[in-house]
Structure formats: structure tokens, C-alpha cells
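Remarks on the structure that follows.
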Amino acid sequence: MKKDTFTFHNGVKIPSIGFGTWQIPNEEAYDSVTMALKNGYTHIDTALAYKNEENVGKAIREFATPREDIFITSKLPAEIKGYDETLEAFNETITNLGVDYLDLYLIHAPWPWSDQGKDCTEGNVQSWKAMEKLYNDGKIKAIGVSNFQIEHLQPILDECDIVPMANQIPFYVGKDQEELLSFCKDHDIVVEAYSPLATGQVLDMPELKEMAEKYDVTVAQLSIRYCLEKDTLPLPKSTHESRIIENKQLDFEISDEDIKTLEQIRDVRD
1 MKKDTFTFHN
11 GVKIPSIGFG
21 TWQIPNEEAY
31 DSVTMALKNG
41 YTHIDTALAY
51 KNEENVGKAI
61 REFATPREDI
71 FITSKLPAEI
81 KGYDETLEAF
91 NETITNLGVD
101 YLDLYLIHAP
111 WPWSDQGKDC
121 TEGNVQSWKA
131 MEKLYNDGKI
141 KAIGVSNFQI
151 EHLQPILDEC
161 DIVPMANQIP
171 FYVGKDQEEL
181 LSFCKDHDIV
191 VEAYSPLATG
201 QVLDMPELKE
211 MAEKYDVTVA
221 QLSIRYCLEK
231 DTLPLPKSTH
241 ESRIIENKQL
251 DFEISDEDIK
261 TLEQIRDVRD
């Protein structure tokens with residue numbers, strides 16, 4: 001890969017590929033995270049809403065790698081807004097994980113999943129201020145958001161002290177979110193790409209299959225590499241060890257011409 005880490009604006013480094021655990025049940029999370037750690041992943045992404053923090057934490061604690069060498073991300077549930085509520089949820093998360101601190105903590109979404117589009121500006125600001133306190137107290141090394149568009153980010157920039165270090169968004173071939181990506185770059189916010197395979201829906205695209213053959217890689221590898229070429233941090237996930245290994249084997253580069261071709265592809269989920 002071109003680089004092993006991204007660097008947040010506070011100097012904290014984050015491994016350039018993460019292991020996602022969304023939709024991995026708690027009972028499977030221990031084995032999946034253990035397989036990821038065994039195969040060289042040092043960046044594990046979870047969330048309180050995934051209901052698998054306990055086994056994610058257990059796998060990390062029981063693996064031979066020192067805690068300080070593993071980058072752990074978790075998230076404030078989307079429906080939780082407010083200062084005290086955020087502190088309580090954070091304490092629940094680190095208790096579940098069995099750790100003393102998080103490397104990255106994110107507001108999972110700007111609104112509850114059950115009420116997408118709701119204006120939660122004040123709640124997000126208060127949650128962010130609580131996260132600033134946790135950051136200043138040394139409980140979190142970096143703080144950020146997830147699923148935030150420009151209109152959700154702007155109040156944080158206007159009303160709070162710390163610019164988010166990360167914004168984790170759906171990003172894959174066909175869904176580049178160029179305006180948001182540009183905004184984040186302008187404010188030195190690292191963009192993390194979740195669902196880099198569009199939950200598997202890019203895998204059957206004929207144009208991706210043809211291009212992957214050209215590079216002698218899989219469609220998954222091509223798609224994940226594309227995220228890196230677009231200067232975003234991919235978070236692939238799998239419960240199969242062969243795919244966990246494959247998803248990290250990205251030592252090739254996509255030509256500028258092929259990047260332009262991939263940029264023209266429309267979202268397969270539209």
C-alpha cells in the first residue's frame with residue numbers, strides 16, 4: 001500500500017485499513033476479530049449499536065498484541081444525543097470492551113436511524129462537547145463523527161472547540177460523495193469508507209470484474225484499493241478467514257485512467 005497510516009490533525013496515526021464488525025453477531029465477533037488480528041489487522045471498528053463490543057474486546061484482550069498496538073474505534077448510538085447521555089454511553093462502551101481508553105470515538109449518525117433527517121443539531125453539539133471533555137481527559141485519543149453531511153458538520157465547526165478528526169461514511173465505487181470528501185479535506189478531517197464493497201453489491205458488476213482481471217486481483221481487492229486511491233480509509237469486513245486475508249492484500253496501484261473510469265460508475269444501490 002502507498003501508506004500504512006493516516007494521520008489525524010492532532011498527530012494521532014490510524015492504520016490505513018480497518019476491520020469492520022457491523023452485522024457480525026456478538027457470538028461470531030470473537031472469532032472474526034481474532035482472525036483479523038492474526039492476519040495483521042491492527043485497527044478494529046465496532047459500535048455500541050452493533051451489540052458485539054463484549055466479544056470484540058475479549059478477542060483484543062486475549063490476543064498477544066499489546067493494547068497500545070491495537071487501534072480501537074467505537075461509536076455513540078445514533079439515538080443518543082446530549083452531554084450526560086454521551087458520557088454514560090461512553091462508559092458503557094469501555095466497560096463492554098474491557099479497556100481504559102478508546103483510540104477513536106464517533107457520533108454514529110446525526111439523527112436516530114428511526115427518524116432520519118430529524119434536526120438534532122443541539123443534541124449533536126452537546127454530545128460533541130461531552131466527547132471533547134473525554135478527549136481532554138485522555139479517555140479518547142481522537143474524536144469524530146459518522147454519516148455526517150456538510151450541514152451536520154458545520155454546527156460542530158461553528159460552536160465547538162475541536163474539529164472532528166474523522167468522518168466515517170458509506171464510500172465505494174459508484175458513491176464517491178465528492179463534495180463531502182472535498183469539504184472534509186479542506187478541514188483536515190480523515191474520511192473513513194465503510195461498506196467499501198457496497199455490502200457486496202459491487203462484486204457482480206461486469207465492469208469491475210473485467211478491470212480486476214486486468215490487475216490479477218479480486219473485485220473486492222480492486223474496490224478496497226479504490227477507496228485508498230481516493231484518499232479514504234476503507235473498513236472491509238468478513239467472517240471468512242480467506243477473505244479477511246484477501247481484503248488486506250492491496251499492494252498494487254490503479255492507473256489514473258482506470259480511476260477515472262471507476263469514478264464514472266453510478267451507485268449500484270440507487
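Each residue of the sequence shown is one higher than the one before, counting from 1 in full-length UniProt numbering. Glycine included, C-beta positions come from ideal geometry on N, C-alpha and C.
Classified as exposed, glutamine 264 has fewer than 16 neighbouring CB atoms from the shown chains inside 10 Å of its CB. In its chain, beyond the 5 residues on either side, His9 have a beta carbon closer than 6 Å to the beta carbon of aspartate 188.
By a beta-carbon distance limit of 8 Å, asparagine 96 contacts glycine 57. Their separation comes to about 6 Å. For the pair lysine 141 and histidine 108, the CB atoms are not nearer than the 8 Å cut-off. Bounds of the alpha helix (DSSP H) holding asparagine 96 are 83-97. Under a 10 Å Cβ-count criterion, lysine 118 is classified as exposed, with fewer than 16 other Cβ atoms of the shown protein chains found around its own Cβ.
At a Cβ-Cβ threshold of 8 Å, proline 234 and leucine 228 count as neighbours. Ranked by how close their Cα comes to the Cα of glycine 123, the residues Ile17, Thr34, Ala78 and Ser146 have Ala78 in first place.
From the listed residues Ala29, Gln168, Glu53 and Glu178, the smallest Cα separation to serine 146 is found for Gln168. The three-state secondary structure of asparagine 55, taken from DSSP, is helix.
For the pair valine 173 and serine 223, the CB atoms are nearer than the 8 Å cut-off.
Residue pairing for glycine 144: DSSP places it in a beta bridge opposite Leu106 and Ala166.
For a cut-off of 8 Å, the C-beta gap from threonine 232 to valine 191 is around 5 Å, short enough to register as a contact. Per DSSP, the continuous alpha helix (DSSP H) segment holding phenylalanine 183 begins and ends at 178-186.
Going by DSSP, proline 206 is part of the alpha helix (DSSP H) stretching over 206-215. Relative to proline 66, the option among His43, Ile80 and Ala49 whose CA is nearest is His43.
If you ignore the 5 residues before and after proline 25, its C-beta comes within less than 7 Å of the C-beta of Asn52, all in its own chain and listed in chain order. If you compare the alpha carbons of Ile156, Pro110 and Ile245 with that of threonine 34, the shortest gap goes to Ile245.
The beta carbon of proline 112 sits closer than 7 Å to those of Ala78, Glu79 and Lys118, all from its chain and outside the five residues before and after it, given in chain order. Secondary structure at tyrosine 50: helix, using DSSP grouped into helix, strand and coil. Pairing phenylalanine 71 with aspartate 103 gives a Cβ-Cβ distance under 8 Å. Excluding its 5 nearest sequence neighbours in each direction, leucine 197 has C-beta neighbours in its own chain below 7 Å: Tyr172, Leu203, Ala220, Ser223 and Pro236, listed in chain order. Rounded to whole angstroms, the separation of the alpha carbons of proline 110 and glutamine 116 is 8 Å. In terms of Cβ geometry, glycine 82 and serine 127 form a close pair [threshold 8 Å]. Residue burial is scored here from C-beta neighbours: histidine 240 has fewer than 16 other C-beta atoms within 10 angstroms and is therefore classed as exposed.
In this structure, the straight-line span from the alpha carbon of leucine 157 to that of isoleucine 17 is close to 27 Å. Trp22 is the residue among Val217, Ala89, Trp22 and Glu210 whose C-alpha sits nearest the C-alpha of tyrosine 194. DSSP places alanine 130 in the uninterrupted alpha helix (DSSP H) bounded by 121-136.
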